[in-house]
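FYI, the numbering for the sequence shown is -9 to 157, going by the numbering used here. Don't be surprised by glycine CBs; every beta carbon is placed ideally from N, CA and C. Values in this document were obtained by computation on a predicted structure and should not be read as measured data. Below: the structure, in structure tokens.
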Amino acid sequence: MTNSPVLVLNQNYEPLNICKVRRAIVLLLYGKAEVLENGQGNLHSVNNVLDIPSAIRLVYFVRRPRRQRKLTKIEVFNRDRYTCQYCSQESKELTLDHVIPRRRGGEHSWENVVSACIPCNRRKAGRTPAEARMPLLHQPKPPSNDGFYVPYQYLRSHTEWQKYLPQ
-9 MTNSPVLVLN QNYEPLNICK VRRAIVLLLY GKAEVLENGQ GNLHSVNNVL DIPSAIRLVY
51 FVRRPRRQRK LTKIEVFNRD RYTCQYCSQE SKELTLDHVI PRRRGGEHSW ENVVSACIPC
111 NRRKAGRTPA EARMPLLHQP KPPSNDGFYV PYQYLRSHTE WQKYLPQ
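So, in structure tokens, the structure goes:
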């Protein structure tokens, strides 16, 4: 229960972080945050019964620098929402595929890398999508640089966070 995720918002309701319930309770008890959404259940202490928060907002503004996201497997899978970009199958068993193969001069960049299931990646092999007759669902592009993203598995289980997250 204390390891459940909690969405942390800045004073201006901008998403900052995802922390655990234990850290969120500490922020609430010290008066550094306020509860926006209650989760399921209660946390019992010797003197109190506290609602488990699902989303909290800091009472002060935190400035933070904007960083460019690194091109990693997990970042590509999150961008593509764990969906094969050829057959639209949602899976955890994905691989990276270069739209234009590297041996043909394709770069390892956001615009050339997509998520693909293993059968589709094998079927496409070292060809372009047009040659393999496997059109892409979405044209690959860099993720938005809003500075924060929520991993896809949290979006499915915490629908109450949707109103606080940029579209």
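Span of the alpha helix (DSSP H), counted from its first residue to its last, around residue i
i   : result
V66 : K63 to R69
Span of the beta strand (DSSP E) around residue i
i     : result
V36   : No beta strand (DSSP E) holds V36; DSSP gives it neither H nor E.
C107  : V103 to C107
L6    : P5 to K10
L86   : L84 to H88
L(-1) : P(-5) to L(-1)
Per-residue DSSP class, three states only, for residue i
i    : result
E97  : coil
N111 : helix
Q30  : strand
T149 : helix
L17  : helix
R117 : coil
R92  : helix
Contact set for residue i: own chain, Cβ-Cβ below 7 Å, skip 5 residues either direction
i    : result
I108 : E83 and T85
H34  : none
G116 : P91 and R93
Cβ-based neighbour list, residue i, same chain, cut-off 6 Å, excluding 5 preceding and 5 following
i   : result
V52 : N0
A14 : V(-4), P43 and I46
Distance, residue j Cα to residue i Cα
i    : j    : result
R69  : W100 : 10 Å
D41  : Q30  : 8 Å
Y3   : A122 : 46 Å
E24  : I8   : 15 Å
K114 : E150 : 39 Å
Neighbourhood of residue i by C-beta, 8 Å cutoff - its chain only, sequence neighbours within 5 removed
i   : result
Y50 : Q1 and K22
Cβ distance (whole Å) where residue i is taken to contact residue j below 8 Å
i   : j    : result
N32 : P43  : Going by Cβ atoms, the distance from N32 to P43 rounds to 11 Å, so no, they are not a contact pair.
E80 : T73  : 5 Å
H98 : L126 : That belief does not hold up - the Cβ atoms of H98 and L126 are roughly 17 Å apart, past 8 Å.
Min CB distance residue i to chain B below 8 Å
i    : result
N111 : Of the protein chains in this structure there is only one, and it is not chain B.
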